[in-house]
Every structure is written in C-alpha cells, then in structure tokens.
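Numbering (the numbering used here), first residue to last: 3 to 211.
The beta-carbon is built from N, C-alpha and C at its ideal position, and this holds for glycine as well.
Data block below; observations after.
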C-alpha cells in the first residue's frame, strides 16, 4: 500500500514546494546566457515544455520546439517523439539546443551530447549535476528520486564529476564559454543541503562557431 501511494505523495509535495521555483530559476538563468541574435530553441527531453515556454516568455524572439521519448498529451510547446539517442534534425538546424537534467537519465549521454553539438548552430546549453564524492552523489541521488519518482522517469543515478564533464564536452567538439553554479533553485531551508556545488548550467559552442 505505502509503496503505491508514496510516489504520488512525494510528487505532489515536489510540485507544490519545489517545481515552480525551479522552473522560474532555470528560466531566468538560461534566458540570460542564450546568445543574442538567435531565433530557434530545441529542448531535448522537454517534458511538458513548461521550462521552454518560460524561457520564451523572457526571450520572445525565440521559437521553441521539443523532443521527448514519450510525448505527453498536453504540452506547452510543439513536441515530437524521438528514440532518446539520435535527434531527428539536420546538422546546424536549430540555433540553440538545450538539455536540462536529461543526460543523467539517458542510456547514452555522450552520444546525446554529440547529437546536440551536431544540430546546434550557435550554442548548446546543458543543466545537470556535479558529483565527486560519496556524499555529493547521495545528495543528488535523493534529489533525483524526489523529482522523478512520480513521473515514470528512468532513474539511473549516473552522475559525472567535473573532469568527466570536461572530457565529454571536448570529445563532442564543444567549448564552454559561460557557466553558472549558483542557480537559486531552492529556498533558504533546502539550499544548503541540495544546491551547493551540485548543479551547473553551461553554455557551450560547437567547434568552428
């Protein structure tokens, strides 16, 4: 009984206490680091598109579309399904490609980063987690469970260290030009436990851009 209702309870609490603030904080940070003079935004693993829509509200010159493994019945932006590996778009077909808390759920995250680098004409924006110690891994693992247990998202608990991120970016032909680690995702009570040195947003540019 408890095993059936606990995910629902956790999901409701997360939606009421965390989700709204998280979306607004991420939209603020990401909209500020998207370069000027761009028109199209592809959100990979977009969920219901709420975050992308919030970014467009701050950057109305952008047209946002998304891809998701299983498209939801109602979405805030146009969404098409993909296989979770290969993006169904031509090279350099979208100005900005965004992956927000997606890669640690992906079966082949390095491949998905290379795909983002292929499709992006101007920038790739990645928001994900940083770990390097047992304690940081367990803190991120707890956040991951709370945020996703009610949505049927695969929980792989596979997080990378800062050096692993740098290596993967380099192998994908991406160069980091902007980075933020203080994102304001949580209120004062939770910030000291679940935010410090565990999150980042990076803007990367493909080689030759």
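**Message:** In this structure, how does DSSP classify residue 71 when only helix, strand and coil are distinguished?
**Reply:** The answer is coil: DSSP assigns residue 71 none of H, G, I, E or B.
**Request:** Please report the residue range of the beta strand (DSSP E) in which residue 114 lies.
**Result:** Careful: residue 114 lies outside any beta strand (DSSP E), inside the alpha helix (DSSP H) at 111–121.
**Exposure of residue 97, with buried meaning 16 or more beta-carbon neighbours within 10 Å** = buried
**Prompt:** Based on the DSSP secondary-structure assignment, which residues constitute the bridge partners of residue 202?
**Reply:** 130
**Request:** State the start and end residues of the unbroken beta strand (DSSP E) segment that holds residue 102.
**Result:** 96–102
**Prompt:** Going by alpha carbons, who is nearest to residue 46 out of 181, 114, 160 and 164?
**Reply:** 114
**Request:** Per DSSP, which residues does residue 226 bridge with? Please list them.
**Result:** In the structure as shown, the chain starts at 3 and stops at 211, and residue 226 therefore has no counterpart that could be examined.
**Asked** Short check: CB of residue 208 to CB of residue 119, under 8 Å?
**Response** In this structure, the beta-carbon distance from residue 208 to residue 119 falls below 8 Å.
**Message:** Between residue 87 and residue 110, how many whole angstroms is the CB-CB distance? I'm expecting something under 8 Å.
**Reply:** 6 Å
**Prompt:** Where does the unbroken alpha helix (DSSP H) through residue 178 begin, and where does it stop?
**Reply:** Residue 178 -> not in any alpha helix (DSSP H); beta strand (DSSP E) instead, spanning 176–182.
**Message:** Looking at the secondary structure, which residues open and close the beta strand (DSSP E) in which residue 25 lies?
**Reply:** Per DSSP, residue 25 belongs to no beta strand (DSSP E); it is in the alpha helix (DSSP H), 22–35.
**Item:** Alpha-carbon spacing of residue 132 relative to residue 48, whole angstroms
**Value:** 21 Å
**Asked** What distance in whole Å lies between the Cβ atoms of residue 80 and residue 99, which are believed to be in contact at a cut-off of 8 Å?
**Response** Wrong, their Cβ atoms sit about 15 Å apart, outside the cutoff.
**Same chain, Cβ closer than 6 Å to residue 58, five either side skipped, listed in chain order** = 64 and 66
**Item:** Within 8 Å, strictly: CB atoms of residue 206 and residue 178
**Value:** Taking 8 Å as the Cβ cut-off, residue 206 and residue 178 qualify as a contacting pair.
**Request:** Have a look at 173, 167 and 174 and flag the residue whose alpha-carbon is nearest the alpha-carbon of residue 181.
**Result:** 167
**Asked** Three-state secondary structure (DSSP) at residue 63?
**Response** coil
**Proximity test, Cβ basis, 8 Å: residue 66 and chain C** = The displayed structure is made up of one protein chain only, and chain C is not part of it.
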